[in-house]
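When the letters of the sequence shown are read in order and numbered with the numbering used here, they come out as residues -16 to 487.
Glycine residues also receive a C-beta, built at the ideal position from the N, C-alpha and C atoms.
A short write-up of the structure that comes next.
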Amino acid sequence: MSKKQITRSLFVFAAFLFSQQAFSSAVVESEFELVLPKQFQENLIEEKWKSLENQEFQANWQFPDQTVEAANGVQVQLKGISISLKTELEKPSLGSSQTQVILNSKDLSAQMTIAAISVDQWIEQTVGGITGRFHLVADCPNVVLNMKSGMGSFSVSVNPKVGSNQAGGAVQDVSLSWLKDAWSAGAIECTGAEGFADIVNQQITQISADSAAFVNPKKELILSYLNGYIGKWSFDFSKPRQLVSSRDDINISMMVDSFDDANPERALAKGRVIVEFTRAPQSETTKLELAKGDVNYGTSGQAMIRLPAGFAKEMISRGYAANSWVHQFYSSQISGFSSVMNSRFMQFFVWPELMDYPKSSNFLFNVYSNKDPKISGSGLKYQLSVNLYSQMKAPKNSKYIPFMNFTVPFSSGISLGISDSKAAVKFTGTSLDLRYAWDPSYVKSFSPRTRFASSTIEGKILGAIAGKTFNVTLPAIPLTEGVSLKIKKATSLSNSDLLLQLAP
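So, in structure tokens, the structure goes:
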């Protein structure tokens, strides 16, 4: 390509950058299968409930009125009974059977309120050998008991529960207990029969002495309260979930269409990944399908997601379609360029115009392509060929001005590897042909020394790329609100589909 052609291409590039170009929106809709082994489901729910660890658990449970028998057959009525609890829940752990999540209280505080303790009863009593009937009427309103610090405990056992498109938990058991003499009562004021306050104190003593006798008759009601509370921590797989994209012109979402938990070993979700490219050359929708036939997912207990063989290739092709993208980076990000900037000796021979700039100068590069990339391969290995253009800008007077223009036919093999939420991109068999032209406005204004050893700079760029591995952070997969899965490892199946291992 001649210098004139390079300059013309960069003028096209400038027009692309600054014109109000009308873009279209292209959509790629890809099938996926999400595998959640039973053990992983339990661990996932446990992971979600870790958020309870830093939140105060509060409850205010109302119980039915009840009648208890005191000394001498006196029937004492307790009305408006309620218990309020405040506690922090310790980090959940799976029970010994590995099928239950155990939530234990820490620093439990509790208050019991009885709106009224009363008696309204005719009783027979013998006094001096004479038996008579007496109408016993007494009332003690608003009796408040406070649990002493460190004398009570509270725990909940929860079984993970996965439905058609939701996962959560069902409370299997609850324990609320306290030590003897755990409750202290405030001042008790009673009206009516003299001495009734003594009977009330006896009832308080009984409650304080035997937690099981008080709690067990109410356990089913407590369980219903807790299932309502735990229900708030369930999650719905069916709602569309947005993935974080590093580019504002690419929108990614996931949607589960079906969820099957009939298999006792694992649940299988099927759905779609929908990727929208908002700066596409033309509007179109592409659908990718998984390979047909059964897949052996093994028994590793790991969560996995399977994507079609052409998914990565389609993402690269769409993401780097002609005239749809611009990447901006600085010279400090190019190791080969940095070595040139740090050596005046090298600058003199290969790029003398740089000698007019401080060694710390940071040049700006705008890179794009006016042609679609050519990609072949599948799974985790590809061959890429693309024609790149770059506008290099120099720092002058606190702003960047046009400096040089480059065209770079580039080809390379690409090997992908994934580990701990990072994609390792390795370039192999890399070749490029660096062609350059000085920006006319820069030449006119500054009369630069235009000598430029393109082969040396080309070698520096190749040395910074060829055989090197570059890491790219991958977005987490938002399974549901508050729970995202990280991509830990990738393999290519025999049918060329991609299989990604996931972890919370």
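Inset, instruction - State the Cα-Cα distance for the pair Gln186 and Val154, rounded to the nearest angstrom. - result: Walking along the sequence shown from the start, residue 186 turns up at place 203. Walking along the sequence shown from the start, residue 154 turns up at place 171. The straight-line gap from Cα to Cα measures roughly 31 angstroms.
Inset, instruction - Reducing DSSP to helix, strand and coil, say where Arg255 ends up. - result: As a working note, residue 255 is residue 272 in the sequence shown. Note: Arg255 maps to strand in three-state DSSP.
Legend entry - Length of the line joining the Cα atoms of Pro356 and Ile213: Counted from its first residue, the sequence shown places residue 356 at position 373. Counted from its first residue, the sequence shown places residue 213 at position 230. Near 51 angstroms, if we compare the C-alpha coordinates of Ile213 and Pro356.
Legend entry - Chain-order list of residues whose beta-carbon lies under 7 angstroms from that of Leu367 (same chain, five-residue window excluded): As a first step, residue 367 must be located in the sequence shown, where it is residue number 384. Take Leu367, set aside five residues on each side of it, and the residues of its chain with a beta-carbon closer than 7 angstroms to its own are Pro356, Ile358, Ser394, Ser395 and Ile397, in chain order.
Legend entry - Beta carbon of Lys131 nearer than 8 angstroms to that of Ala165: In the sequence shown, residue 131 corresponds to position 148, counting from 1. In the sequence shown, residue 165 corresponds to position 182, counting from 1. It is a contact, given that the beta carbons lie within the stated cut-off.
Inset, instruction - Please specify which runs of the alpha helix (DSSP H), each continuous and at least 4 residues long, are wholly inside the segment 277 to 342, giving them in chain order. - result: Counting whole runs of 4 or more residues, the segment 277 to 342 contains the alpha helix (DSSP H) stretches 294 to 302, 318 to 324 and 327 to 333.
Legend entry - Under the three-state DSSP convention, the category Asn349 falls into: The residue given as residue 349 occupies position 366 in the sequence shown. Collapsing the DSSP output to three states places Asn349 in a strand.
Inset, instruction - Determine, using beta-carbon pairs with one atom in the segment 304 to 315 and one in the segment 337 to 349, whether at least three such pairs fall under 8 angstroms. - result: Short answer: they touch.
Inset, instruction - Would you tell me roughly how many angstroms separate the C-alpha atoms of Asn210 and Asn142, rounded to the nearest one? - result: Position 227 of the sequence shown, counted from the start, is the residue given in the question as residue 210. Position 159 of the sequence shown, counted from the start, is the residue given in the question as residue 142. Cα-Cα distance, rounded: 11 angstroms.
Legend entry - Contacts around Asp156, its chain only, beta-carbon distance under 7 angstroms, and the 5 residues preceding and following it disregarded: For the purposes of this step, residue 156 is identified with residue 173 of the sequence shown, where counting begins at 1. A distance below 7 angstroms between beta-carbons, with the five flanking residues on each side excluded, links Asp156 to the following residues of its chain, in chain order: Ser140.
Legend entry - Segments of 4+ residues assigned as alpha helix (DSSP H) that fall wholly inside the segment 419 to 443: You should have 423 to 429.
Legend entry - Rounded C-alpha distance that separates Asp48 from Leu251: For this step, residue 48 is matched to residue 65 along the sequence shown. For this step, residue 251 is matched to residue 268 along the sequence shown. Distance between the alpha carbons of Asp48 and Leu251 is about 47 angstroms.
Inset, instruction - State the beta-bridge partners of Asn142 as determined by DSSP. - result: One-based indexing of the sequence shown puts residue 142 at position 159. Paired residues: Ala153.
Legend entry - Ala407: first and last residue of the uninterrupted beta strand (DSSP E) it sits in: Position 424 of the sequence shown, counted from the start, is the residue given in the question as residue 407. Element bounds for Ala407: Lys405 to Leu415.
Legend entry - Segment limits, alpha helix (DSSP H) that includes Ile182: If you number the sequence shown from 1, residue 182 lands on position 199. Boundaries of the alpha helix (DSSP H) around Ile182: Phe179 to Ala192.
Inset, instruction - Give the single residue among Ile66, Leu485 and Asp480 whose Cα lies nearest to the Cα of Val278. - result: In the sequence shown, residue 278 corresponds to position 295, counting from 1. The shortest C-alpha separation from Val278 is found at Asp480.
Inset, instruction - Please name the residue, chosen from Ile66, Leu457, Thr269 and Phe331, that lies closest to Val10 on a Cα-to-Cα basis. - result: Here residue 10 is taken as the residue at index 27 of the sequence shown, counted from 1. Closest by alpha carbon: Thr269.
Legend entry - Cβ neighbour criterion (16 or more within 10 Å) applied to Leu482: Here residue 482 corresponds to residue number 499 of the sequence shown, with the count starting at 1. Leu482 should be labelled buried.
Legend entry - Assigned secondary structure, Asn454 (DSSP; H/G/I helix, E/B strand, else coil): Residue 454 sits at position 471 when you count from the first residue of the sequence shown. Strand, per DSSP.
Inset, instruction - Out of Trp161, Leu72, Asp232 and Val120, state which residue places its alpha-carbon closest to the alpha-carbon of Gln177. - result: Here residue 177 corresponds to residue number 194 of the sequence shown, with the count starting at 1. Note that residue 177 is Glu in the sequence shown, not Gln. Closest by alpha carbon: Val120.
Inset, instruction - Return the residue from the list Phe46, Val51 and Thr70 that minimises the CA-CA distance to Gly63. - result: As a first step, residue 63 must be located in the sequence shown, where it is residue number 80. Relative to the Cα of Gly63, the nearest Cα in the group Phe46, Val51 and Thr70 belongs to Phe46.
Inset, instruction - Report the rounded CA-to-CA distance for Met134 versus Ala196, giving the unit in angstroms. - result: On the sequence shown, residue 134 is found 151 positions in, with the first residue counted as 1. On the sequence shown, residue 196 is found 213 positions in, with the first residue counted as 1. CA-CA distance, Met134 to Ala196, rounds to 17 angstroms.
Legend entry - chain E within 8 angstroms of Val157, Cβ atoms only: Among the chains of the structure shown, chain E does not appear; only one protein chain is present.
Legend entry - Cβ pair count under 8 angstroms reaching 3, the segment 434 to 452 against the segment 400 to 415: Output reads yes: the segment 400 to 415 touches the segment 434 to 452.
Inset, instruction - Please classify Ile171: does DSSP put it in a helix, a strand, or coil? - result: Walking along the sequence shown from the start, residue 171 turns up at place 188. Reduced to three states, the DSSP call for Ile171 is coil.
Legend entry - Range covered by the alpha helix (DSSP H) that runs through Ser67: Here residue 67 corresponds to residue number 84 of the sequence shown, with the count starting at 1. Residue range Gln58 to Leu72 is occupied by the beta strand (DSSP E) that includes Ser67, with no alpha helix (DSSP H) assigned at that position.
Legend entry - Contact the segment 257 to 265 vs the segment 230 to 241: 3+ CB pairs below 8 angstroms: With a cut-off of 8 angstroms on Cβ pairs, the segment 257 to 265 is in contact with the segment 230 to 241, counting three or more such pairs.
Inset, instruction - With DSSP as the reference, please indicate the residues paired to Asp164 in a beta bridge. - result: Taking the first residue of the sequence shown as 1, we reach residue 164 at position 181. In the DSSP output, where bridge partners are listed per residue, Asp164 has none listed.
Legend entry - Pair within 8 angstroms by beta-carbon distance, Gln285 and Pro20: Mapped onto the sequence shown, residue 285 falls at position 302. Mapped onto the sequence shown, residue 20 falls at position 37. Their beta carbons are under 8 angstroms apart, which means Gln285 touches Pro20 by this criterion.
Legend entry - Cβ shell of Gly169 (< 6 angstroms), same chain only, five flanking positions each side left out: Reading the sequence shown from its first residue, position 186 is the one you call residue 169. Cβ neighbours of Gly169 beyond the five flanking positions: Val127.
Legend entry - Same chain only: Cβ atoms within 7 angstroms of Pro392, ignoring 5 sequence neighbours per side: Numbered from its first residue, the sequence shown carries residue 392 at position 409. Only Asn370, Leu415 and Asp416 meet the Cβ criterion.
Inset, instruction - Compare the beta carbon distance of Glu16 and Glu272 with 8 angstroms and say whether it is the shorter of the two. - result: Counting from one through the sequence shown, the residue named residue 16 turns up at place 33. Counting from one through the sequence shown, the residue named residue 272 turns up at place 289. No; because the gap between Cβ atoms is not below 8 angstroms, this pair is not in contact.
Inset, instruction - Classify Phe515 as helix, strand or coil using the three-state DSSP reduction. - result: Absent from the structure is residue 515, since the part of the chain shown begins at -16 and ends at 487.
Legend entry - Reference Arg262, options Trp308, Ser300 and Gln22, closest by Cα: Counting from one through the sequence shown, the residue named residue 262 turns up at place 279. When only C-alpha atoms are compared, the closest one is Trp308.
Legend entry - DSSP state of Asn478 mapped onto helix, strand, coil: Within the sequence shown, the letter at position 495 stands for residue 478. If DSSP states are grouped into helix, strand and coil, Asn478 belongs with coil.
Legend entry - Helix, strand or coil at Glu272 according to DSSP, with G and I counted as helix: Taking the first residue of the sequence shown as 1, we reach residue 272 at position 289. The answer is coil: DSSP assigns Glu272 none of H, G, I, E or B.
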